[in-house]
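Report on the following structure.
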Amino acid sequence: MSDLTKLSALELSSELTKGSVSAVEVTKAHLDRIESLDKTVQSFLHVDKTGAIKQAEEVDKNRKEKKKVSSLAGVPLALKDVLTQKGVPTTCGSKILEGWIPPYDSTVVKNLKNAGIVILGKTNMDEFAMGSSTENSAYFPTKNPWDLTKIPGGSSGGSSAAVSAFFAPLAIGTDTGGSIRQPAAVTGIVGAKPSYGGVSRFGLVAFASSLDQAGPFARTVLDCAMLHEVMAGHDPLDSTSINQPVPDVVSAAKLQDVKGMKIGIIKELGGKGWQTGVLNRFNESVELLKSMGAQVKEISIPHSLYALATYYLIAPSEASSNLARFDGMRYGLRVDDGNLSAEEVMNKTREKGFGKEVKRRIMIGTYALSSGYYDAYYAQAQKVRALIAQDLTNAFKEVDVLISPTSPTTAWGLGERVNNPMAMYLADLATLPPSLAGIPAMSVPIGLADEDQLPVGLQIVAPFMNDDRMYRVGGAIEASLKSKWNGLLIDQVPALGGGK
Amino acid sequence: MSRITREEVANLARLARLDLAESELDEYAQQLEIILESVAKVSEVSTKDVKPMSHATGLVNIFREDITKESLKREEILRSAPATEDDRFRVPRILDEE
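Residue numbers (the working numbering), protein chains in the order written: chain R, -7 to 492; chain G, 866 to 963.
Put into structure tokens, the structure is as follows:
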């Protein structure tokens, strides 16, 4: 058997079904790779070796007993540390939750377990998913496997790094303003944010509830679709969960055909200030789509220019409210010398437990929601949000999907934007409009930028609950580039630690 | 756009229950000002007669039958508490002593 960590989820699934390899062998191969190489990448906050092997043994037993198992049973996965898994630490990358062991599974984890997917461990992230580089983790920064001096994107940077470093073929991330798509883009892999409400938020520690959405990472579009299908679906435990069938993303990913599709280029997302190599790869993708028979035209989303301002009012406002629950009383950190009042304990606990970016956003949100400023900031942002959503609805009357580069630049250097919050926020420029509208969007790799030889992503945006459309376009682009490159983009990633 | 002063930062921190250090006040004053100046861009948009959008699904009230179900076990929840007493969360004093 060749190196099991190099196989896609689909390939692993096929070997597992044939019985040429066991789930325990697959799991151990990935755990071994993590053990020998994650000290350089630092993508995991917690590796659950015992739990993972136990899950794999269960899958092997079920297969042996000819019980019905799902096609992904025995395939390993890395889980962002913002989703609860019973009995396994969940920190959200924060010191305020250090040591907390959740007593319940999130619905996403329940769905993964039901499918027999083996959870290897919890991945690093920007604290409470606030950031675009994973440097806001209270524990350590994660490195980009393409260049260990660069960021892996964020906030789901641990998950994107784990998949691009071949520590797992699949990972779960969460995306509030781009936290799956941007990390996928800068690490040369596939990442999707489903329609808001497509995946249950039960057990997803809340950052901005009206925007948070969990989604899949993988190295291929089809793997991503298979994971999407497993994790999505209606959940009565989340009252914003959509009670509709999951769009048929798997069939769409297999189509590899965009003939006759109408594709709109978002006019406002590109041009001045965008990295040349990013725009070059994007323009090539446009030509590629045309050559495959798609009808491509430019389309304006005028209010997208206000998405950044809108998002950085709405998300911090919701965060300031959501993070009020971290009060040092029921779980997590408590700073107390025994003589303090409850309020003093809260103040000191929150000051010590939260990092700088989280405190910044809590204060921005507190400001935007306070009387005297509410109408000018929060209420106005909600109205602009409606206009952005309306623009996108209008655009979908003319086209089937919209495209843009996923992020204005490739991965930047670790430390470069840490002290400049606004520069960090700019990484989300293209990913924010679909987030605010609640519509599905994904990023697929489209090559390396000329200047720095780092991955570039194409963002594909589809109408609400039409997630399948983006997979159709993504699958077609991937198939075409794969024959051109004689493999996936991620196959060009440098070997870690001089090994394998 | 009004300048964000140290005093305003201190007030926001108080409202948000953050015991900021003196040294943090200036840093945050500077950063919050830059951020707030940038997000104030939303005021350029004409939003007359626009209904605010709070989320994407259009769902309103979701009802379910009021049926008792088993919930998490008390000891499982208390296991992660910073302090417990008599099967309850133990919290610092809330009222001033008389």
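All residues carry an ideal CB built from backbone N, CA and C; glycine is no exception.
Computed from a prediction, not measured in an experiment: that's the story for all the values here.
Is the beta carbon of L69 of chain R sitting closer than 8 Å to the one on L112 of chain R? yes
Given that a residue counts as buried once 16 or more other Cβ atoms are within 10 Å of its Cβ, and exposed if not, what is Q896 of chain G? buried
For R929 of chain G, go through chain R and note every residue whose CB falls closer than 8 Å to its CB, in chain order. P228
Is there a C-beta anywhere in chain G that falls below 8 Å from the one on A286 of chain R? no
Check the Cβ-Cβ distances between E1050 of chain G and every residue of chain R, and say whether any is below 8 Å. Residue 1050 of chain G lies beyond the range of chain G shown here (866 to 963); nothing can be said about it.
Contacts that S312 of chain R makes with chain G (C-beta to C-beta distance below 8 Å): A881
For a cutoff of 8 Å on Cβ pairs, would you count V191 of chain R as touching chain G? no
Quick check on the burial criterion: 16 or more other C-beta atoms within 10 angstroms. Buried or exposed for E310 of chain R? buried
Taking buried to mean at least 16 other C-beta atoms within 10 Å of its own C-beta, is A48 of chain R buried or exposed? buried
For R326 of chain R and A948 of chain G, believed in contact at Cβ under 8 Å, the rounded distance: 7 Å
As assigned by DSSP and simplified to three states, the class of D483 of chain R: helix
Taking the alpha-carbon positions, what's the P486 of chain R to S313 of chain R distance? 43 Å
Taking the DSSP output, what are the residues bridged to S435 of chain R? R:G183, R:Q451
Excluding five sequence neighbours on each side, which residues of the same chain lie with their C-beta closer than 8 Å to the C-beta of W266 of chain R? P397, P400, T401
Pick out whichever of R:A415, R:L162, R:A360 has its Cα sitting closest to the Cα of L901 of chain G. R:A360
Reference E17 of chain R; option with closest CA among R:L29, R:K31, R:S35, R:A44: R:A44
Using a Cβ-Cβ cut-off of less than 9 Å, list which residues of the segment 83 to 99 of chain R approach chain G; keep chain order. G91, W92, I93, P94, P95, Y96
Assuming A217 of chain R and A245 of chain R make a contact with CB atoms under 8 Å, what is their CB distance in whole Å? 4 Å
Would you mind giving the Cβ-Cβ distance between L261 of chain R and S296 of chain R, rounded to the nearest angstrom? I have them listed as a contact below 8 Å. 7 Å
What are the residues that DSSP puts in a beta bridge with K254 of chain R? R:Q287
For M434 of chain R, the nearest candidate out of R:P425, R:I452, R:L418 (CA to CA): R:I452
May I ask which residues mark the beginning and end of the beta strand (DSSP E) holding G345 of chain R? First-last for G345 of chain R: 334 to 345, but that is the alpha helix (DSSP H), not the beta strand (DSSP E).
Buried or exposed: where does P137 of chain R fall if 16 or more other Cβ atoms within 10 Å of its Cβ makes it buried? buried
Can you tell which of R:S151, R:M223, R:K(-2), R:P228 has its C-alpha closest to the C-alpha of V528 of chain R? Because chain R is modelled from -7 through 492, residue 528 of chain R falls outside the range shown and cannot be assessed.
So, do the segment 155 to 167 of chain R and the segment 21 to 30 of chain R have three or more beta carbon pairs nearer to each other than 8 Å? yes
Residues that K72 of chain R bridges to, as DSSP identifies them: R:T115
So does the segment 168 to 175 of chain R actually touch the segment 187 to 195 of chain R, counting three or more Cβ pairs closer than 8 Å? no
Inter-residue CB distance, D240 of chain R and D40 of chain R (contact presumed, cutoff 8 Å): That pair is no contact at about 32 Å.
Local Cβ density within 10 Å of P291 of chain R, reported as buried at 16 or more and exposed below that: The sequence given here has Ile at residue 291 of chain R, not Pro. Buried: at least 16 other Cβ atoms inside 10 Å.
Nearest residue (CA-CA) to R929 of chain G, options R:V393, R:L229, R:G430: R:L229
For H38 of chain R, which beta-bridge partners are listed by DSSP? R:K114
Assigned exposure category for L924 of chain G - 16 Cβ within 10 Å defines buried: exposed
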